[in-house]
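First comes the structure, then the notes that go with it.
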Amino acid sequence: MMNLVALPCLCVDVFDGTDELRAGGEALNFAVHASKFEEFNVSILGAVGQDFYAKFIMDSISDKRIDVSHVRVEKDKVTANNRTYLTADGDRYYKDDSWTGDIVDKMILNQDELDFIKNSEVVFVHFWAGCFGQIIDLKKNNNFRLAVDFAEYRNFKDMEKYAPYIDYFMISGEESILPIFEAFSKKYKGLFNVSLADKGSVTYYNGEKYFVKANEVKEVIDTTGCGDSYHAGLVCSHLIKGDIYEAMRVGTGFATETLSHYGGF
């Protein structure tokens with residue numbers, strides 16, 4: 212069994228104009244899908260308040276094979292939440308005041324949390340996390356596999372500083388990014404993956420290109436968490452089998468299922 216920890220973002224997506232609430236956040240979505248693999252002991256590390264949203268999150272994963280013992284409860288803070296708007300086609304969008312998330316955005320890891328992470332075999336974090344720098348520093352002196360979601364970040368010069376330390380370097384983007392990731396893969400040892408929505412996904416490894424088509428979807432309900440589920444399938448499958456194409460196909464399958472409902476799982 213491999214110990215996998217996902218951090219730090221767990222939140223509630225509040226779908227505007229509906230009665231829908233969905234537990235989510237990059238780390239929580241990733242952990243839920245990673246927990247489908249029996250080969251992993253999955254933990255989530257983050258922070259919640261002592262409020263309705265926190266209870267909603269914990270209830271939503273009570274039937275999942277996820278260790279929540281490293282989720283902080285901070286009584287004086289509000290659990291992260293995100294008011295989510297949907298277009299007629301199911302694509303999500305946000306407004307300037309949608310996100311309330313200081314509890315995770317500004318989270319700095321304490322020594323117990325750092326020790327827990329460095330004793331794990333696999334770590335997933337998103338680039339925007341306030342503790343991202345701490346994770347990179349840990350990786351420099353520890354042998355865990357590091358998966359990072361750069362989402363829609365586009366400062367590639369800045370990104371490249373972290374490439375030597377990342378095993379799964381992942382981004383959501385467009386085809387114009389592909390030459391940049393191909394070049395990265397010739398200089399660094401990780402897998403460089405670009406999700407291209409309905410155009411499929413591309414991974415570069417040692418300069419070689421791997422392409423997998425997107426599955427056909429009859430109706431897109433909501434794209435929230437689609438990338439997170441893809442990333443979990445990709446990383447976990449590749450760690451188990453070492454087959455890039457198979458890992459991308461598993462990720463694609465997870466993403467396709469996520470498109471069929473509100474929320475990331």
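Under the numbering used here, think of the first position of the sequence shown as 212, with each following residue one higher. Note that CB positions come from ideal geometry on N, CA and C, so glycine has one too.
Residue i vs residue j beta-carbon contact at 8 angstroms
i	j	result
Tyr416	Met459	no
Ile156	Val413	Residue coverage of the chain in this structure runs from 212 to 476, which leaves residue 156 outside it and unanswerable.
Phe395	Ala374	yes
Val253	Met269	no
Leu450	Met213	yes
Gly401	Asp369	no
Gly418	Lys397	yes
Glu386	Leu407	yes
Asn321	Asp224	no
Leu389	Cys437	no
DSSP bridge partner residues for residue i (one or two, in chain order)
i	result
Cys222	Gly235
Val336	Leu218 and Val359
Ala374	Answer is none; Ala374 lacks a bridge partner.
Lys420	Tyr415
Leu256	His281
Tyr379	Ala358 and Leu402
Met213	Phe251
Tyr304	Tyr296
Thr467	In the DSSP output, where bridge partners are listed per residue, Thr467 has none listed.
Cut-off 6 angstroms between Cβ atoms - residues of its own chain near residue i, not counting five sequence neighbours on either side
i	result
Asp439	Glu237, Asn240, Phe241 and Gly475
Any non-hydrogen atom of the ligand ADP within 7 angstroms of residue i CB
i	result
Ile346	Summarising the ligand content, the structure contains no ligands, and the ligand ADP is consequently not present.
Sequence-distant residues of its chain with Cβ nearer than 8 angstroms to residue i (five each side left out)
i	result
Gly411	Phe422, Val423, Lys424, Ala425 and Thr463
Ala511	Because the chain is modelled from 212 through 476, residue 511 falls outside the range shown and cannot be assessed.
Arg303	Thr295, Tyr296, Leu297, Asp433, Thr434 and Thr435
Supposed close pair residue i, residue j - CB separation, criterion 8 angstroms
i	j	result
Leu297	Phe226	7 angstroms
Phe355	Val336	No, Phe355 and Val336 are not in contact; Cβ-Cβ is about 11 angstroms, not under 8 angstroms.
Leu232	Ala291	About 13 angstroms; that fails the 8 angstroms criterion.
Asp215	Ser309	According to the sequence displayed, residue 215 carries Leu and not Asp. Leu215 to Ser309, Cβ: 29 angstroms. No contact.
Proximal residues to residue i (C-beta, below 7 angstroms), its chain only, five neighbours per side dropped
i	result
Ser246	Val253, Lys275, Arg276 and Ile277
Phe367	Ile391
Val289	Gly260, Asp262, Thr311 and Ile314
Any contact of the stretch 297-316 with the stretch 243-261, i.e. 3+ C-beta pairs under 8 angstroms? yes
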